[in-house]
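All remarks here apply to the structure that follows.
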Amino acid sequence: MILRMPLGLAAALSLLSLPFAARAEDGHQLWLRYPSAAVGRAGSAAISAPDTHNRPSLALAIAELQRGLPARARQGRFHLTTPADGSWPARYDGLGTDGFALSSRKLAGRTETRIAAKTDLGLLYGVFHYLRLAHSGADLGRLDLVSSPRIALRVLDHWDNLDGTVERGYAGASIWDWWRLPDWRDPIYTEYARANASVGINGAVLNNVNAKADSLTAPYIAKAAALADVFRPWGIKVYLSARWSAPIELGGLKTADPLDPAVAAWWRAKADEIYRAIPDFGGFLVKANSEGQPGPADYHRTHAQGANMLADALRPHGGVVMWRAFVYAHDNPEDRAKQAYNDFKPLDGQFADNVLVQVKNGAIDFQPREPFHPLFGAMPRTNLMMEFQITKEYLGQSTHLTYLGPLFSEALHADTLAQGKGSTVARVVDGSLDGHRLTGIAGVANIGANRDWSGSIFNQADWYAFGRLAWDPDLSPKAIAREWAAQTFSPAPKVVDAVTAIMMPSREVAVDYMTPLGLAHQMSVYGHYGPGPWVNTLARPEWNPVYYNRADAQGIGFDRTASGSNAIAQYAPAIAARLARPEATDEKDLLWFHHLPWTYRMRDGATLWDDLVRHYDRGVAGVESMQAQWQALKPAMDAERFEKTRVFLTIQRRDAQLWRDASIAYWQSLNHLPLPAGSAPPAHDLGWYKALSFPYAPGNP
Ligand code: GCV
Numbered sequence: 136m137i138l139r140m141p142l143g144l145a146a147a148l149s150l151l152s153l154p155f156a157a158r159a160e161d162g163h164q165l166w167l168r169y170p171s172a173a174v175g176r177a178g179s180a181a182i183s184a185p186d187t188h189n190r191p192s193l194a195l196a197i198a199e200l201q202r203g204l205p206a207r208a209r210q211g212r213f214h215l216t217t218p219a220d221g222s223w224p225a226r227y228d229g230l231g232t233d234g235f236a237l238s239s240r241k242l243a244g245r246t247e248t249r250i251a252a253k254t255d256l257g258l259l260y261g262v263f264h265y266l267r268l269a270h271s272g273a274d275l276g277r278l279d280l281v282s283s284p285r286i287a288l289r290v291l292d293h294w295d296n297l298d299g300t301v302e303r304g305y306a307g308a309s310i311w312d313w314w315r316l317p318d319w320r321d322p323i324y325t326e327y328a329r330a331n332a333s334v335g336i337n338g339a340v341l342n343n344v345n346a347k348a349d350s351l352t353a354p355y356i357a358k359a360a361a362l363a364d365v366f367r368p369w370g371i372k373v374y375l376s377a378r379w380s381a382p383i384e385l386g387g388l389k390t391a392d393p394l395d396p397a398v399a400a401w402w403r404a405k406a407d408e409i410y411r412a413i414p415d416f417g418g419f420l421v422k423a424n425s426e427g428q429p430g431p432a433d434y435h436r437t438h439a440q441g442a443n444m445l446a447d448a449l450r451p452h453g454g455v456v457m458w459r460a461f462v463y464a465h466d467n468p469e470d471r472a473k474q475a476y477n478d479f480k481p482l483d484g485q486f487a488d489n490v491l492v493q494v495k496n497g498a499i500d501f502q503p504r505e506p507f508h509p510l511f512g513a514m515p516r517t518n519l520m521m522e523f524q525i526t527k528e529y530l531g532q533s534t535h536l537t538y539l540g541p542l543f544s545e546a547l548h549a550d551t552l553a554q555g556k557g558s559t560v561a562r563v564v565d566g567s568l569d570g571h572r573l574t575g576i577a578g579v580a581n582i583g584a585n586r587d588w589s590g591s592i593f594n595q596a597d598w599y600a601f602g603r604l605a606w607d608p609d610l611s612p613k614a615i616a617r618e619w620a621a622q623t624f625s626p627a628p629k630v631v632d633a634v635t636a637i638m639m640p641s642r643e644v645a646v647d648y649m650t651p652l653g654l655a656h657q658m659s660v661y662g663h664y665g666p667g668p669w670v671n672t673l674a675r676p677e678w679n680p681v682y683y684n685r686a687d688a689q690g691i692g693f694d695r696t697a698s699g700s701n702a703i704a705q706y707a708p709a710i711a712a713r714l715a716r717p718e719a720t721d722e723k724d725l726l727w728f729h730h731l732p733w734t735y736r737m738r739d740g741a742t743l744w745d746d747l748v749r750h751y752d753r754g755v756a757g758v759e760s761m762q763a764q765w766q767a768l769k770p771a772m773d774a775e776r777f778e779k780t781r782v783f784l785t786i787q788r789r790d791a792q793l794w795r796d797a798s799i800a801y802w803q804s805l806n807h808l809p810l811p812a813g814s815a816p817p818a819h820d821l822g823w824y825k826a827l828s829f830p831y832a833p834g835n836p
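So the sequence shown is residues 136 to 836, counted in the numbering used here.
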């Protein structure tokens, strides 16, 4: 079938069929702006594609191509094909499900572009990739590429509560309108699905891991089913966080013991009920025996026994269990960083084949920098999936510009050495290291009801980067920043260069002003936003910053060598040997692994104290430089997005100073050391910083 229509009309029609932002530059259109200058003028595009009857993903692919085709590609011809539609080139046989091939050539002065995929969803991904190239200024006349996702399940975890709040959410209320679902299907759901599909995300866990059993009741299953219906053509499956004690709370059982036949039967019936409403339901995500949540350990059963019981219930339907390894217990005096490994490593090989153990990138909790979690590489007979946090609980939340591409990439490229050099975390996660087929990666979503979705324009880049790295963990964060900047602002090289130059160092800048040299979890009690290195009053020891910094008159840092908690022994022997010696430890991780005197000599000859202060100074200077770089971009920016980012950078500058000054004031109250030459004293005394209070910080549970 050849579709030929004036592109102006095509664009108008597709705008009618998809919800569209009336206000132009408030960030709502994300990276999918397709600037009207490029698509709004008359012209014609010829698209040959199979009949779309009963092929909703194919229909979406065609509509998206019509909607987004830039002026310079308008005279071309496009062919969309799958093997079922004939004329399938043998060289594409190796394409994975969801993968696509893009090729183009000039024929009689016209560009012929072929988008080929094994599935209609692959075609949709191919179209999005074509448009990504088109709006990033690529040469569209000589394309020849194939691309398949390396990881099968590319999932957003929403920590959204049924009352509309979002735990650790900094972009307003939840976008799920549970109250009016399933009747009212807000157009935002389609926009959400489209944005995710554009970067290859194919799953959404709808509710918070701190789950309410209500999500598993019939009315809420019907609500989830309505969302699943909207998401389906975009290739997105829904999953639910399951509360372990639901058989008691909903089923009236006396126990949730996974080995009790009545409990297993309850879950089987529940799974059957869900699949009747959502035939392609993805499965359950479970937080068990962690931070007060119930779990199998309440009945002296292991995580594997718990996960496998649920997996049995889902297996007949093709569902999976994503079982979180984020566990630590208040009554366990062991170093918190060691507890998940201690619990899970002995269970390697015991998890069912439709279980994925979901491991955070580091062993504590989404800090500005953490060494990779030692479970990666330590459980070769288990499907391990990665959990990143896209929402920036510990990285300045919505107002600090801290691009997470480098953080994600750093974790994925860490070498576990589990099977010699090159045993990267990415190869554990994509299954290639240990031959796993069921693979997954999750990102805790940073999406809310704010017009700009993520609480700031630049936070959108973290959502984007997560999707792109989930598709291909080897993509460079810089290349991702460039393509995001081109689509979000302008493909003009000057703009792309300048925006990328702001983004790339930004995470390191935040590390510098918050938690340099391997410090971690120094955030205040008020929503993990500002500084609180002195805090020692929280209910559990490992919730207190002093637990992590261990600072006193003599020194600072957490000894995780053999003379301390010996957490380093959880890594491969060659890594542990390196980490045993401070002088062989990467200085970025120094105080994560070592307790050192303030006078310890760093590699550059400076004392640890002087170096620490310089890092704080560098952090503040880094924000100043981001401000100046942004200011210089003003002529190239629309007023609305320019101003919002400008103001946010002002907030970030103020916060960076606060972080620096408060931290230094506290360390000085312990070590009484002078500041290095050229470093200004904190603006206030320690008491002033301690007295600051921010009781209504957003996102707190
Ligand atoms: C969903 C941290 C956060 C909690 C979060 C928890 C988790 O502790 O502060 O809000 O709870 O991680 O990942 O389960």
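Glycine is no exception: its CB is placed at the ideal position from the N, C-alpha and C atoms. From a predicted model like this one, the values you see are computed outputs, not experimental measurements.
With contact defined as three or more Cβ pairs closer than 8 Å, the segment 735-749 and the segment 669-686 are not in contact. Going by C-alpha positions, W765 is about 21 Å away from R168. In this structure, F235 keeps its C-beta atom at 9 Å or more from the C-beta atom of G211. Rounded to the nearest angstrom, the Cβ distance from L482 to H435 is 14 Å, too far for a contact under 8 Å. Cα atoms of A633 and P393: separation of roughly 55 Å, rounded to the nearest angstrom.
In the DSSP assignment, D279 falls within the beta strand (DSSP E) that extends over 279-282. Within 8 Å of the C-beta of K422 there is at least one heavy atom belonging to the ligand GCV.
When C-alpha distances from N585 are compared across W311, L278, L242, A704, the shortest belongs to W311. Beta-bridge pairing by DSSP links V365 to no other residue. Between the ligand GCV and S533, a heavy atom-to-CB distance of less than 8 Å is absent.
In this structure, N424 places its C-beta atom within 9 Å of the C-beta atom of A432. Take the alpha-carbon of H452 and the one of P833: they are about 39 Å apart. For A655, same chain residues with a beta-carbon under 7 Å away, outside a window of 5 residues either side, are I499, Q502, E505, Y683, W727 in chain order.
Nearest neighbour of L542 by Cα position, chosen from P668, A596, F416, turns out to be A596. Distances from the alpha-carbon of L568 to those of P515, I525, Q524 put P515 closest. Contact between the segment 684-696 and the segment 725-740 is established, with three or more Cβ pairs separated by less than 8 Å. Distance from the C-beta of V660 to the nearest heavy atom of the ligand GCV is not below 8 Å. Taking a 10 Å sphere around the C-beta of G740, we find fewer than 16 other C-beta atoms and assign the residue as exposed. Relative to the ligand GCV, even the nearest heavy atom lies 8 Å or more away from the CB of D433.
Taking 9 Å as the cut-off, the beta carbon of D233 is found closer than this to the beta carbon of G335. The Cβ atoms of V564 and F511 lie closer than 9 Å to each other.
Residue burial annotation: L280 is exposed, with fewer than 16 other C-beta atoms found within 10 angstroms of its C-beta. Per DSSP, the continuous alpha helix (DSSP H) segment holding E759 begins and ends at 743-767.
Within the same chain, Cβ atoms closer than 6 Å to the Cβ of S350 are found at N342, L375, the five residues on either side in sequence being excluded. Between D647 and R789, the C-beta gap is not smaller than 9 Å, which leaves the two residues out of contact. CA-CA distance, L204 to R240, rounds to 17 Å. Using a cutoff of 8 Å, the CB of F543 does not count as near the ligand GCV, since none of the ligand's heavy atoms is closer than that.
Assignment of A180 by DSSP, reduced to helix, strand and coil, places it in the strand class. The shortest CA-to-CA distance from I576 to any of D587, Q524, I582, Q164 is the one to Q524. D321 and S700 have their C-alpha atoms some 51 Å from each other. At least one heavy atom of the ligand GCV sits closer than 8 Å to the Cβ of D500.
Note: H214 is bridge-paired with S183, R249 in the DSSP secondary-structure output.
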